[in-house]
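In this note's numbering, the protein residues as written are 6 to 193. Using N, Cα and C, we set each Cβ at its ideal position, and we do this for glycine too. These numbers come from a predicted model, not from an experiment. What follows is a set of notes on a single structure, which appears directly below.
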């Protein structure tokens with residue numbers, strides 16, 4: 006009878022040990038997985054930030070280069086068409102289609118790229134914050150806290166602007182003028 010009680014006790018102890026071991030293993034694996042995912046997402050954000058600024062910068066450079074090239078060739082084109090070389094055909098421009106530089110299209114393309122890249126970047130930062138929140142939950146909520154609560158917090162860097170930092174530090178953001186221009190000096 007005593008050996009039967011000992012056997013039941015041993016089975017219960019083994020069951021408890023296996024359960025605790027399973028909880029530990031699950032918490033450990035979840036914490037490691039979230040930490041690795043967070044680090045990978047942080048690197049992904051660095052890569053995406055670099056890509057964003059390269060796209061925007063290069064599109065702006067292309068627009069500027071196209072504008073400068075057009076400025077250089079346009080006077081020569083017009084002189085060839087309407088100058089004295091053709092007998093001063095002053096009103097020929099009414100029937101001809103003159104070359105144009107579609108600056109608005111270039112600005113629209115650039116604005117769309119800025120918006121798309123910033124939106125994608127914000128989405129990726131939100132994903133990083135979600136990973137951090139999940140990692141914090143694993144570290145601070147029972148029962149996983151009992152096994153991995155002493156592990157370090159997942160450090161993440163969220164890129165914002167100095168304007169955002171100032172708004173959150175002071176609690177206000179009143180500067181709503183998007184296009185601040187310096188006032189022209191007045192002459193009297």
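- When Cβ pairs closer than 8 Å are counted between the two stretches, the stretch 30-50 is seen to touch the stretch 135-152, the count reaching three or more.
- The DSSP assignment places 108-145 and 149-153 as complete runs of the alpha helix (DSSP H) inside the stretch 95-166, in order along the chain (cut-off: 4 residues).
- In terms of Cβ geometry, residue 133 and residue 161 form a close pair [threshold 8 Å].
- Inter-residue distance for residue 40 and residue 46 is about 10 Å (C-alpha atoms, whole angstroms).
- At the C-beta level, residue 129 and residue 182 stay beyond 8 Å of one another.
- Linking residue 135 to residue 142 through their CA atoms gives a straight-line distance of about 11 Å.
- For residue 182, the secondary structure class from DSSP, reduced to helix, strand or coil, is coil.
- Within the same chain, and ignoring the five residues on either side of residue 109 in sequence, no residue has its Cβ closer than 6 Å to its Cβ.
- Looking from the CA of residue 54, the closest CA among 168, 185 and 125 belongs to 125.
- Here DSSP, grouped into helix, strand and coil, assigns residue 176 to coil.
- Assigned with DSSP and collapsed to three states, residue 6 falls in coil, not helix or strand.
- In this structure, the beta-carbon distance from residue 32 to residue 153 falls below 8 Å.
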